[in-house]
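Asker:
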Amino acid sequence: MSVIGLDVGVLTGWYNSRINTSLASSTALSTSASSRSQPAKPAAPWELGSPNLMTLEEMSRKVLANGIFFNNPDREFSGLDGPDDYKQLFSLHQGLKRLASLAEEAKEKTTTDSRRDFLDKSFQSGLAQFDSFFDDMDLDGLTLLKGEQLSKIESEVAITRGTSQYKTDTIHSGDFDAEVASLTGDVQFSISVKKSGVTQTINIDLADMGATTRNLDNISDHINTQLEAAGVISRFERTKIGEKNDVGVVPGNNYGFLIAGVSTETISFSASAAEPALYLAGVSGINDTAGGQVIKLTDLASGTPQTGYTTRFSADPNETEVAVVGGEEGETRIKQEDNPLEIKATVASSDGGIFVVGHTTASTDGQTLKGDQDLVLAKYDSTGNRVWSRVLGAAESAEGLSIATDADGNVVVAGKVEGGLGDSTRIGGSDSVVVKYSASGVEQWNQRFGGTKDDQAGTVAIGDDGTVYVAGKSASAFGDDNYAGGTSDGYVRAIDASGTTLWTRSIGSTGDEKVSAIAIAEDGNLVVASEEDGRAVLRKFDVADDTSAALWEQDFGDLDDGRIGGLAIDASGIYVTGAAGSSFAPTVPVSAHAGGVRDAFVMKLTDGAAPSTDFLTFVGSDSDDSAAGIQVDNGKIYIAGKTLGGINGGTLNGERDAFAARLDGTTGALDWSTQVSGRGGLAEATGLALSTTDDSVLDALGLPTGTLTYSDSRVVTDRSSARADDFFYLSVDGGRRKKISIDADDTMRSLTFKINAKLVLSGSADVRRSSDGDMLRIKAAEGSTIELFAGSEGRDLLKSLGISPGAIVNTGSLLDKDKKTSDGPPLFALGLPNALSLKEKDSAETAMEAIQDALSKIQRAYRDLTMDPALKELLKGPQAGKKGGTVPAYYNAQLANYQAGLARLNSGAGGQSGLFL
Numbered sequence: 061m062s063v064i065g066l067d068v069g070v071l072t073g074w075y076n077s078r079i080n081t082s083l084a085s086s087t088a089l090s091t092s093a094s095s096r097s098q099p100a101k102p103a104a105p106w107e108l109g110s111p112n113l114m115t116l117e118e119m120s121r122k123v124l125a126n127g128i129f130f131n132n133p134d135r136e137f138s139g140l141d142g143p144d145d146y147k148q149l150f151s152l153h154q155g156l157k158r159l160a161s162l163a164e165e166a167k168e169k170t171t172t173d174s175r176r177d178f179l180d181k182s183f184q185s186g187l188a189q190f191d192s193f194f195d196d197m198d199l200d201g202l203t204l205l206k207g208e209q210l211s212k213i214e215s216e217v218a219i220t221r222g223t224s225q226y227k228t229d230t231i232h233s234g235d236f237d238a239e240v241a242s243l244t245g246d247v248q249f250s251i252s253v254k255k256s257g258v259t260q261t262i263n264i265d266l267a268d269m270g271a272t273t274r275n276l277d278n279i280s281d282h283i284n285t286q287l288e289a290a291g292v293i294s295r296f297e298r299t300k301i302g303e304k305n306d307v308g309v310v311p312g313n314n315y316g317f318l319i320a321g322v323s324t325e326t327i328s329f330s331a332s333a334a335e336p337a338l339y340l341a342g343v344s345g346i347n348d349t350a351g352g353q354v355i356k357l358t359d360l361a362s363g364t365p366q367t368g369y370t371t372r373f374s375a376d377p378n379e380t381e382v383a384v385v386g387g388e389e390g391e392t393r394i395k396q397e398d399n400p401l402e403i404k405a406t407v408a409s410s411d412g413g414i415f416v417v418g419h420t421t422a423s424t425d426g427q428t429l430k431g432d433q434d435l436v437l438a439k440y441d442s443t444g445n446r447v448w449s450r451v452l453g454a455a456e457s458a459e460g461l462s463i464a465t466d467a468d469g470n471v472v473v474a475g476k477v478e479g480g481l482g483d484s485t486r487i488g489g490s491d492s493v494v495v496k497y498s499a500s501g502v503e504q505w506n507q508r509f510g511g512t513k514d515d516q517a518g519t520v521a522i523g524d525d526g527t528v529y530v531a532g533k534s535a536s537a538f539g540d541d542n543y544a545g546g547t548s549d550g551y552v553r554a555i556d557a558s559g560t561t562l563w564t565r566s567i568g569s570t571g572d573e574k575v576s577a578i579a580i581a582e583d584g585n586l587v588v589a590s591e592e593d594g595r596a597v598l599r600k601f602d603v604a605d606d607t608s609a610a611l612w613e614q615d616f617g618d619l620d621d622g623r624i625g626g627l628a629i630d631a632s633g634i635y636v637t638g639a640a641g642s643s644f645a646p647t648v649p650v651s652a653h654a655g656g657v658r659d660a661f662v663m664k665l666t667d668g669a670a671p672s673t674d675f676l677t678f679v680g681s682d683s684d685d686s687a688a689g690i691q692v693d694n695g696k697i698y699i700a701g702k703t704l705g706g707i708n709g710g711t712l713n714g715e716r717d718a719f720a721a722r723l724d725g726t727t728g729a730l731d732w733s734t735q736v737s738g739r740g741g742l743a744e745a746t747g748l749a750l751s752t753t754d755d756s757v758l759d760a761l762g763l764p765t766g767t768l769t770y771s772d773s774r775v776v777t778d779r780s781s782a783r784a785d786d787f788f789y790l791s792v793d794g795g796r797r798k799k800i801s802i803d804a805d806d807t808m809r810s811l812t813f814k815i816n817a818k819l820v821l822s823g824s825a826d827v828r829r830s831s832d833g834d835m836l837r838i839k840a841a842e843g844s845t846i847e848l849f850a851g852s853e854g855r856d857l858l859k860s861l862g863i864s865p866g867a868i869v870n871t872g873s874l875l876d877k878d879k880k881t882s883d884g885p886p887l888f889a890l891g892l893p894n895a896l897s898l899k900e901k902d903s904a905e906t907a908m909e910a911i912q913d914a915l916s917k918i919q920r921a922y923r924d925l926t927m928d929p930a931l932k933e934l935l936k937g938p939q940a941g942k943k944g945g946t947v948p949a950y951y952n953a954q955l956a957n958y959q960a961g962l963a964r965l966n967s968g969a970g971g972q973s974g975l976f977l
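Numbers 61 to 977, taken from the numbering used here, label the letters of the sequence shown in order.
#1: Looking at C-beta atoms only, is the number of pairs between the region 408-421 and the region 378-394 that lie closer than 8 Å three or more?
#2: Consider the C-beta atom of Val343 and the heavy atoms of the ligand ADP; say whether any pair is separated by less than 7 Å.
#3: Are the region 630-643 and the region 687-700 in contact at 8 Å, needing three or more beta carbon pairs?
#4: Could you name the residues of the same chain whose beta carbon sits closer than 8 Å to that of Ser151, not counting the 5 residues immediately before and after it, in chain order?
#5: Cα separation between Ala914 and Val792?
#6: Quick check: the Cα distance between Ser732 and Thr364, rounded to an integer number of angstroms?
#7: Using a threshold of 8 Å, state whether the C-beta atoms of Ala589 and Ile555 are closer than that.
#8: Rounded to whole angstroms, what's the CA-CA distance from Asn275 to Phe296? Just pull it up for me.
#9: Sort out for me which residues DSSP pairs Glu592 with in a bridge.
#10: Kindly indicate which three-state DSSP category Arg920 falls into: helix, strand or coil?
#11: Using the three-state DSSP reduction, which class does Ala163 fall into: helix, strand or coil?
#12: To test your reading of the DSSP string, which unbroken beta strand (DSSP E) runs of 3 or more residues are found completely within the region 268-318?
#13: Along the chain, where does the beta strand (DSSP E) that runs through Arg565 open and close?
#14: Which two residues bound the contiguous beta strand (DSSP E) that contains Asn378?
#15: Which runs of the beta strand (DSSP E) spanning at least 3 residues fall entirely within the region 533-560, listed in chain order?
#16: From Ile262 to Leu790, what does the alpha carbon distance come to, in whole angstroms?
#17: In terms of residue numbering, what span does the beta strand (DSSP E) encompassing Phe678 cover?
#18: Have a look at Ile578, Ala350, Val575, Ala464 and flag the residue whose alpha-carbon is nearest the alpha-carbon of Pro400.
#19: For Gly342 versus Thr746, is the C-beta distance shorter than 8 Å?
#20: Kindly indicate the opening and closing residues of the beta strand (DSSP E) around Pro336.
#21: Would you tell me roughly how many angstroms separate the C-alpha atoms of Val473 and Asp306, rounded to the nearest one?
#22: Is Glu573 buried or exposed, if buried means 16 or more other CB atoms sit within 10 Å of its CB?
#23: Look up Gly660 in the DSSP assignment and say whether it is helix, strand or coil.
#24: Kindly identify the DSSP beta-bridge partner or partners of Phe719.
#25: If you run the structure through DSSP and keep just helix, strand and coil, what is Gly526?
#26: On the CB-based measure, 16 or more other CB atoms within 10 Å of its CB, does Phe317 come out buried or exposed?
#27: Alpha carbon to alpha carbon, how far is Ala654 from Leu321? Give it in angstroms, no decimals.
#28: Rounded to the nearest angstrom, what separates Asp265 and Gly728 at their Cα positions?
#29: Any idea what DSSP makes of Asp759, helix, strand or coil?
#30: Decide if Ser780 is buried, meaning its Cβ has at least 16 other Cβ atoms within 10 Å, or exposed.
#31: Beta-carbon separation of Pro649 and Phe678 under 8 Å?
#32: Quick one: Cα of Gly480 to Cα of Ser801, how far?
#33: Which residue or residues does DSSP assign as beta-bridge partners of Glu397?
#34: Using the C-alpha atoms, what's the distance from Trp505 back to Val776?
#35: In whole angstroms, what separates the C-alpha of Glu613 from that of Thr220?
#36: My assumption, with CB atoms under 8 Å, is that Leu243 sits in contact with Ala760. Please give the rounded CB distance.
And the structure:
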């Protein structure tokens with residue numbers, strides 16, 4: 061711990077200055093002021109002689125031992141004889157000082173990275189305590205802000221506006237007028253244009269260009285000629301691909317197409333010669349480096365699938381300003397730190413591309429989270445472009461675990477949630493959650509359910525009539541069934557297309573059971589795959605009710621420390637995949653276990669009055685392998701998962717690879733397998749999706765299969781973590797708090813109307829257009845102060861908009877000599893940033909400086925709070941600066957104390973003393 065050295069001469073000078081200030085001020089006090097009584101001022105915990113004054117080292121030892129940064133003020137200062145405001149300020153000061161004690165150690169050069177990580181974990185816990193403590197503070201004599209006092213407030217969340225333009229990725233590199241090699245063969249596709257409710261299809265065949273060179277300009281002219289002939293306004297043109305440099309020019313020689321459309325035309329693309337494409341979705345990296353990974357595989361029939369694209373889905377990084385090593389004094393750079401995001405499941409979209417679902421730990425695509433983790437859903441088109449993303453808006457934590465689509469293109473996700481979620485009822489522990497969205501990502505309904513302990517919905521399927529079937533596990537009873545006991549019971553719930561529960565069925569006995577996968581049978585009934593005390597069990601239920609016995613049930617034996625990963629059904633059978641040890645043997649395998657810890661397996665059954673096993677086959681290496689998903693198409697079986705070895709004698713690219721494999725649906729023989737690594741050599745596929753038309757010439761053109769999406773929704777609840785009826789409060793000049801709530805269809809613009817209706821002439825809200833999109837901006841009128849207060853936990857609209865509670869102050873022009881005063885309590889801004897970290901030396905120094913500044917602001921606020929009212933009025937009133945009058949007795953006493961302290965310093969020996977106040 062560093063020690064601040066103070067020379068006695070410095071203290072002597074300080075005491076002299078205080079004496080002179082007291083003498084000068086005292087001459088301005090009137091006799092009437094001296095007659096007012098000043099309440100006893102208790103010793104603050106930063107003052108010498110206070111029993112609460114502690115060194116940073118003492119505080120660090122104590123807080124690392126007990127983990128308590130902020131105490132209840134009434135208990136921590138129970139012996140203090142003073143107003144509650146004093147106690148709250150003192151406890152706030154002590155809590156921040158405890159945070160400073162950790163920052164002090166973290167900023168030292170000799171502190172190791174592992175020690176900083178340890179300190180940062182405690183520090184982040186302390187910051188969470190600070191947020192809770194600060195929100196509970198109720199001060200009468202002053203207003204305290206976490207952040208800065210601002211002249212205006214702008215939301216961090218920015219909602220982009222539509223442009224009716226679509227830019228492809230790079231489809232040609234080289235001279236702009238050179239022939240595009242990938243478009244020299246047979247290139248035929250169709251453009252469908254819907255206008256005024258009528259759809260027409262324009263067929264494009266580049267062979268009609270004859271001997272004309274197939275460069276991007278000539279291809280654009282050929283397409284545009286046919287569009288114009290059909291009365292279509294949208295046009296193609298060549299464009300450079302890349303980011304503009306400092307002078308506004310895109311460098312390099314990468315080119316693609318720009319489609320300039322109009323809002324009255326909806327464009328779709330298709331190709332007659334289309335083949336299936338396989339998408340793997342999962343995770344690349346681990347822990348702090350984890351990100352979502354999507355891989356498109358094409359040319360599946362060749363036996364050697366090709367990678368169409370690989371893209372990463374990342375949470376927004378943390379950005380901190382750090383010094384440039386070896387740079388000039390004061391030179392800084394922006395350092396980015398990853399935040400984890402994981403994809404847990406995927407499903408093909410009926411209109412091309414895929415949906416993915418999982419969880420994120422930080423803002424994603426600019427959507428600020430309310431809690432520590434949230435469910436995230438995203439749509440990708442067939443070119444790998446992320447069309448849109450959504451977060452659920454959970455107050456604490458939510459995670460998406462499974463996903464399915466219905467016949468109308470709607471998407472349903474299932475998972476778990478903790479803490480508040482809109483107006484849903486928090487039941488206990490983690491609850492199961494099911495959410496239905498439209499194909500464009502607009503939430504239709506959500507259902508939260510479970511027992512008093514932990515529950516989760518791990519798998520979902522949708523019937524032809526739109527009924528949603530969701531299954532998972534619960535550690536307590538819910539619905540009409542009793543809890544059977546043990547670790548957990550499995551369950552299945554049926555929900556109609558509008559979100560109304562039809563029935564709930566419990567599956568299990570006194571052991572450890574969960575439903576791992578469900579699928580709709582060919583006859584419309586439900587096949588359920590569960591793990592029960594480590595055994596694989598399949599049942600088929602009539603979906604008409606939840607009371608009749610299973611139509612059939614079969615136990616396939618112990619999975620040997622394995623798991624069920626997925627279930628698929630087609631007209632020829634039922635297919636199960638997962639992971640199993642070598643002792644899993646419901647029948648003689650087609651391909652034997654490879655001898656590792658676990659292999660992925662595929663088992664095919666024939667449905668009937670009782671199921672029969674067609675085959676079992678293992679897919680694996682001599683290490684550890686598992687499959688997490690399965691799809692069946694045209695007599696072929698596709699699985700995906702993770703491996704620590706080389707599948708079927710293949711090569712391990714990293715430490716852990718994602719893999720995909722295809723098997724023959726009749727014999728179970730392996731056709732091919734492929735492996736892909738990820739960041740840091742770590743990857744896994746948590747799901748797969750098969751789209752039957754996503755491998756076509758459209759890939760070479762950079763065009764997506766299906767409808768072209770130019771822009772996303774502009775509705776705030778669609779584009780942020782805000783949920784309908786979330787709210788915040790505002791107050792003008794210390795007056796009554798007024799509530800601002802958001803509706804399900806509010807845009808940034810309509811939200812400004814609500815705010816302006818409350819502000820009247822005291823300020824204004826408008827939409828500021830930036831390169832990132834539309835941002836909400838609030839400004840105070842001259843001479844006014846607008847305070848923003850957070851909504852209740854889980855319903856705070858400010859947090860969803862990326863706005864910190866605080867005050868907007870407009871003091872007016874310095875040239876305006878009119879005196880403007882406010883009846884509200886004095887305002888002090890701590891100036892603390894939204895995020896602080898001790899993981900790096902530079903960030904620890906930044907945290908220390910911010911906390912030190914906040915501590916000095918608290919001390920200043922306390923001085924203002926305890927200042928004699930007459931003196932305070934005199935210093936800011938018309939008598940300010942005037943001389944004359946009688947000095948009050950308490951000022952004479954204060955002057956005597958300063959003089960006594962000065963005498964003691966002068967009579968003692970010279971030296972230094974070290975302390976942190």
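Glycine included, each C-beta is placed from N, C-alpha and C at the ideal position. Just so it is clear, the structure is predicted and the values come from calculations on it, not from any experiment.
Answerer: Looking at the atomic coordinates:
#1: no
#2: The ligand ADP is not among the ligands present in this structure, which contains no ligands whatsoever.
#3: Yes: the two stretches touch, three or more of their Cβ pairs being nearer than 8 Å.
#4: Phe130, Asn131, Asn132, Pro133, Glu136, Phe137, Phe193
#5: 25 Å
#6: Note that residue 732 corresponds to Trp in the displayed sequence, not to Ser. Straight-line Cα distance between these residues: approximately 7 Å.
#7: no
#8: 13 Å
#9: Glu573, Arg595, per the DSSP bridge assignment.
#10: helix
#11: helix
#12: Segments of the beta strand (DSSP E) lying fully in the region 268-318: 295-300.
#13: Arg565 -> beta strand (DSSP E) spans 561-567.
#14: Per DSSP, Asn378 belongs to the beta strand (DSSP E) from 378-383.
#15: 549-555
#16: 55 Å
#17: 672-679
#18: Ala350
#19: Their beta carbons are under 8 Å apart, which means Gly342 touches Thr746 by this criterion.
#20: 335-344
#21: 43 Å
#22: buried
#23: Note that residue 660 is Ala in the sequence shown here, rather than Gly. If DSSP states are grouped into helix, strand and coil, Ala660 belongs with the strands.
#24: Phe719 pairs with Gly701, Gln735.
#25: coil
#26: Classification of Phe317: buried, given that the 10 Å Cβ count is 16 or more.
#27: Note that residue 321 is Gly in the sequence shown, not Leu. Distance between the alpha carbons of Gly321 and Ala654 is about 55 Å.
#28: Roughly 40 Å separates the two Cα atoms.
#29: helix
#30: buried
#31: Yes, they are a contact pair.
#32: 17 Å
#33: Asn378
#34: 17 Å
#35: Taking the straight line from one Cα to the other gives about 52 Å.
#36: 6 Å
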